[in-house]
Amino acid sequence: MMEHTLISKPDFDTQTLEVSLGPQHPSTHGVFRMNVVLDGETIVKLKPVMGYLHRNHEKLAENMSYLGSMPYTDRLDYICSMTNNFAYALAVEKLAGIEVPERAQYIRIIMAELTRLVNHTLLIGFLLNDLGAFFTPVLYAFREREKILDLFEEVAGSRMMCNYFRFGGVKADLTPDFLPRVKELIQNYPRFLDEFEALLSENEILMARTQKVGVLPKELAVSASITGPMLRASGVPYDIRKVDHYSLYDRFKFRVPIGEHGDVYDRYYIRVLEMRESIKILDQAVKEIPSGDVISKVGAGFAKAPRNFKPKAGEAYGRIEAPKGELGFFVVSDGTNKPYRYHVRAPSFINLTILEDMCLGHKVPDAIIILGSIDIVLGEVDR
Amino acid sequence: MFGIGVLKGMAVTFKNFVESYYKKERLTTIEYPEKRLAEKERFRNFPFLIFDEKPEDPRCVACDICAKECPPQCITIVRAQDAQGKPLKKPATFDIDYSICMNCGVCEEVCPFDAIFMDHEFELAEYGRFEDLNYTIDRLLKPKEHFMKIRPTDATRIEAELKKKENAKKAAAEKAAAAAKAKAEAAKTQASQVPDTKPETKPNEPAQPADPPAEAK
Amino acid sequence: MDQLFVHIDQAIIHWAQAVLPDWMAVIVAMKIPIVAIAIFGPVTMMYLTLIERKLLARIQNRFGPNRVGKFGLLQPLADGVKMLTKEDIVPEKADKIAHLLAPILIVIPALLVFAVLPFGRNMIAVDLNIGVLFFLAMSGTTTLFIFTAAWASHNKFSLLGGMRSVAQMISYEIPFVLSVVPVLVVVGSFSTVAIVEAQPGLHWFVFTPWGAVGFFIFFICAVAEVNRTPFDLPEAESELVAGFHTEYSGMKFALFYMAEFMNVFTVSALVATVFLGGWQGPILPSWVWFLLKTYTLILIMMWFRGTFPRLRADQLMGFAWKFLLELTFVNIIVAAIWYEMRSPLNHLTAAAILIVTIIVLFQFNKTEIPKKRIYKYAYAD
Amino acid sequence: MEVLTAISKVGIYVIFGVTLLGAMMAVTLRNIFHAALSLALTLIGVAAVFFVLRAEFLGAVQILLYVGGIMILVIFTVMLTTRIGDRTIPTSNHQQWPVLIGALLLLLYFVRMIGKTPWSIKSELAVVSAVQIGKSLVSTFIFPFELTAVILVAILIGTVILAKSDEGEEKS
């Protein structure tokens, strides 16, 4: 990490300036606060303050039926409710030993990859906003996101708070024109990405701003248990879809892009490349999706009467490669219809812990984009 | 060459500027109050209660399942009583606090009587924060036709199922009545409660798993 | 058509001389351009906000304001009413006097510089023989008031914005002023009218090698001078909330806005005057040419805003000191050589020297130029 | 036309008054930031005087350099002083009286000198153009001009050396 010492000479006193960035600051992506000590505009100390959006998610979950927490998981990372559902469903299915029909698995993968597109597109837009672009990239991102949200609304009934997954499958089958529309999206999305990249990737201002800024070394990233695109940008080839073989990801051919420098530009570009890989997965999934049930018999029964869902005592940890990193749910059952312990391993929160190390020695605008490149959603950080 | 990326970016924005005047996929905005998007059939907002013929007879039997399963606990149900204080199979109060409801749709899924559904209505702004958003039964009740209008696919399926069930029930009731008659004739003891208690105990039984595949589709 | 406004001016003066006493007629004659500017400045500002909002909206695939009046044409009025009726909030710890004065004072230089702009043939309020210098001096004072506002707000974000503003201004003022020098050398006068008259027809300075480079530098510095993207660091909303005007609301905020947009107009007008031949141009009336060129430059500035992210303060200053400044120095010499050679060779020589300079400067700054990257994949299929 | 002359006279006196007022405030105000602003006011006033005297070039340069450059630096320095918290500083000390006497003596001397000098008042204002100033700078006044340039270059080099040595220390 960059060492920084105040210029201290006899007869030459400098003063540090303490600034509280947030919680109402426009670029903290929600109610997040950074207490920053500045020397000029250089950051010498940074203390993140969290908890403004704490909603007692874990304790609430311990006081309601297993399925009752499902709509609440939507509200963790409200950009990608589908993947949150996915991770929670996986954890509980592991706990209760529920099988998932193949069609449901495919639907889940389609939804997860669509969510990845939503999240990465939006993140890049907001990162550019943090960089000072006047809303143009973010609005292009919104324009494309709307198309995917329309698809979500089509099948799940809600654009953001999908609440679509059930233990043992998904809530409802795809509508007849869902798959054609996904195919159309797969056709059009690379074109949008090309345009987006023409606008951004080679822009010298963006490159000058992001390269060599907020470097996260490999070793530090691993020891701080960073996951997701951030870890891969630092050069660690770790993708839970490849490592954990969950769901049916083994059937799909896709590559995992790896960064080299671990700076903000790498984190930006890795996400662009990941979107292209996601489109590949979607393409395969849409072609290969089998017909059949979308929820197992047991699962459907419990979806109708969540109170009767009483997994036998035990514990399970289900994890997925969420767009932001490893999203895991740890559930302990004591045999009743409420979980005994419920814990969320939130990627936003754990990736955020490394913020100070990346920011020291950089300027205020760099801190803003470093925070933006971590990709946090305060709903998930504070829970 | 330095500067090409900047020019490329400007070309992209210029293209967007020009094309926003004549290409629909560039300018996707729908000018809302005048124009509206077609509503998706599965769209869900806040729940409403359904009645078959007249609002005094809602389908809801006040079994309290939705209130218990509701994750944010926004439903309050008090069962109606007749003059003797005997509980009736309909709600006296059925309040849904729309300010608490998070439109997750759990109530709709768990209801064994297909009495509560998610509405498409979303222009619900009110001046009061508490009273105005606490929807009482008279504001919640909507006719069967409304449901048929907003979600035709689900509605036809559910109606068909209900009809089937009713027919089966009728047949069963007839059978039971016949049996009862036979029994009464035979033993002349009380036999009238049998069909009465049945639906009340039903929800807690795992009787539902029988129809999920149909539900899922 | 060409002399339309001049004739109107003459007519009013004639009328005044006929009706009013002598001394009042003189005052009226003096006041006409002042009144014209006092109306033109704010109205331009109001509609520039609308143009900017519409343009950015279309760039971003939105409609932009279209509710107040046809095409949102009354939107500026609605904004004005809103600004006027908003509560004026003064922070308790603020330096009340300076907090009040800063937004008022910042409008003064913005209005004053209109005086030396030649809007068309014979259409200039005051033909100062130091016109360009006057303009540069006046626009330079803006920073003082920005800084006053920043300091008076007693807010750390404002203070950081003020500091950035000063650093940026000190960096860009120098290439800004020096990039005009080639023109002054060639024309031999500071007067804006003389500069325009030295570019008859289509012989605009931008079509000479030194003029093209000078135009490039001058325009970039002009964008930096008026704090527009990608040089809008003093009011960087994603970093400093709103920079120096964080603590301003209502009409005071509107005054800052007014100053900014009037500066955008005047600076574009100056660039058009100095390098694009001002009101010179075939067929169309002179003032149409002038407005056409000015608005083209303004639209380019807005286009920048719709496209670019913001530079960081140190990169911004590095660009000014390590690249622009050197280039301006070379450009002055090149202009002198071009002027002295007076042969068809002069264009070639000038262009050659400038290209070599630019390449050399790039070589010197090589370490700071970002590079494209190639990414590897794990689990390749 | 007397009215116009009167008006312009009033205008000139207002400019003088504002300039002097600014100067007074610059030394008497307790708030150092206000004092600096008053100084800026004085400098602008002086520039206005130059304009009135038709020395436009000098006026513009006065604003460009003093208001746009030096005043900014002064305010920047004011801001960077460690006394940000208490923004008032004592403006008087025990040397008031000697200074006052000295100032009065100086004033008397100035008045005498002004009275003694034979001012050559022409009926027409001599407008000095920028070209003339430029030509005289590189002909008549070439020596002081070049000397100033050399001093400025020396200052620049000195600053660079100072800044560089800072950097070196920081790294070690």
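Chains as they are written, first to last, in full-length UniProt numbering: chain Y, 1 to 383; chain A, 1 to 217; chain G, 1 to 381; chain X, 1 to 172. Here a beta-carbon is modelled for each residue, glycine too, at the ideal position from N, C-alpha and C. Note that the structure is predicted; figures quoted are calculated from it, not measured.
Query	Result
Whole angstroms is fine: what's the gap from residue 24 of chain X's alpha carbon to residue 308 of chain G's?	48 angstroms
Please work out which residues of its chain come closer than 7 angstroms, Cβ to Cβ, to residue 120 of chain Y, disregarding the five sequence neighbours upstream and downstream, and give them in chain order.	271, 274, 275 and 323
Spell out a yes or no on whether the stretch 64-76 of chain X and the stretch 135-149 of chain G are touching, meaning 3 or more CB-CB pairs, one atom from each, closer than 8 angstroms.	yes
Say whether the stretch 370-377 of chain Y touches the stretch 117-132 of chain Y, bearing in mind that this needs 3 or more beta-carbon pairs closer than 8 angstroms, one atom from each stretch.	yes
Run through the DSSP bridge pairs and tell me what residue 47 of chain Y is partnered with.	Y:35
Of all the residues that make up the stretch 14-39 of chain A, which are near chain G by a beta-carbon distance shorter than 8 angstroms?	14, 16, 17, 20, 21, 26, 27, 28, 29 and 31
If you count every other CB in all the chains shown that lies within 10 Å of the CB of residue 363 of chain Y, and 16 or more means buried, which is it?	buried
For residue 326 of chain Y, which residues does DSSP report across the bridge?	Y:321
Please specify which runs of the alpha helix (DSSP H), each continuous and at least 4 residues long, are wholly inside the stretch 237-320 of chain G, giving them in chain order.	237-240, 250-275, 286-307 and 313-319
Who are the Cβ neighbours of residue 100 of chain Y in its own chain at under 7 angstroms, not counting the five residues just before and after it?	93, 168, 169 and 296
In this structure, how does DSSP classify residue 95 of chain A when only helix, strand and coil are distinguished?	strand
Which value, in whole angstroms, describes the spacing of the CA atoms of residue 287 of chain G and residue 6 of chain G?	11 angstroms
List the endpoints of the continuous beta strand (DSSP E) containing residue 20 of chain Y.	17-21
Does the beta carbon of residue 60 of chain X come closer than 8 angstroms to any beta carbon on chain G?	yes
Give every residue of the same chain whose Cβ lies closer than 6 angstroms to the Cβ of residue 215 of chain A, excluding the five residues on either side of it in the sequence, and list them in chain order.	Unreliable positioning characterises residue 215 of chain A in this predicted model, as indicated by a pLDDT of 40, which lies under 50. A coordinate reading is not provided.
Return helix, strand or coil for residue 340 of chain Y, following the three-state DSSP convention.	strand
Just to confirm, are residue 50 of chain Y and residue 214 of chain Y a CB contact at a threshold of 8 angstroms?	no
Could you check where the alpha helix (DSSP H) with residue 349 of chain G kicks off and where it finishes?	345-364
Compute the beta-carbon to beta-carbon distance between residue 268 of chain G and residue 87 of chain G, rounded to the nearest angstrom, for a pair I have assumed lies under 8 angstroms.	With a Cβ gap of about 34 angstroms, residue 268 of chain G and residue 87 of chain G do not count as contacting.
Can you tell which of A:4, A:3 and A:13 has the C-alpha that lies nearest to the C-alpha of residue 139 of chain Y?	A:13
Considering only residues of the same chain and omitting the five flanking positions on each side of residue 109 of chain Y, which have a CB-CB separation below 8 angstroms?	247, 248, 249, 252, 281 and 285
Whose CA, out of A:40, A:129 and A:111, lies closest to the CA of residue 304 of chain Y?	A:111
Take residue 245 of chain G and list the residues in its own chain whose beta-carbon comes closer than 7 angstroms to its own, dropping the five residues that flank it on each side.	149, 235, 253 and 256
Since residue 151 of chain G meets chain X, which of its residues come closer than 9 angstroms, beta carbon to beta carbon?	33, 75, 78 and 79
I think residue 126 of chain A touches residue 119 of chain A, with their Cβ atoms under 8 angstroms apart; what is that distance to the nearest whole Å?	Actually they are not in contact, since the Cβ atoms of residue 126 of chain A and residue 119 of chain A sit about 15 angstroms apart, beyond 8 angstroms.
Examine chain G for any beta-carbon lying closer than 8 angstroms to the beta-carbon of residue 3 of chain X, and answer yes or no.	yes
What are the partner residues of residue 135 of chain A, as DSSP defines its beta bridges?	A:96
I need the DSSP call for residue 81 of chain A, collapsed to helix, strand or coil.	strand
Which term fits residue 135 of chain A, buried or exposed, when burial requires 16 or more other beta carbons within 10 angstroms of its beta carbon?	buried
With respect to the alpha helix (DSSP H) encompassing residue 269 of chain Y, which residues constitute its N-terminal and C-terminal limits?	264-288
State the start and end residues of the unbroken alpha helix (DSSP H) segment that holds residue 97 of chain G.	96-112
Alpha carbon to alpha carbon, how far is residue 322 of chain G from residue 363 of chain G?	11 angstroms
Give the interface partners of residue 74 of chain A over in chain Y, defined as CB-CB distance under 7 angstroms, in chain order.	Result: empty, since nearest Cβ-Cβ is about 12 angstroms, beyond 7 angstroms.
State the start and end residues of the unbroken alpha helix (DSSP H) segment that holds residue 192 of chain Y.	178-200
Would you identify the three-state DSSP class for residue 3 of chain X, choosing helix, strand or coil?	helix
Pull out every residue of the stretch 187-208 of chain G whose Cβ sits closer than 8 angstroms to any Cβ of chain X, in chain order.	188, 189 and 190
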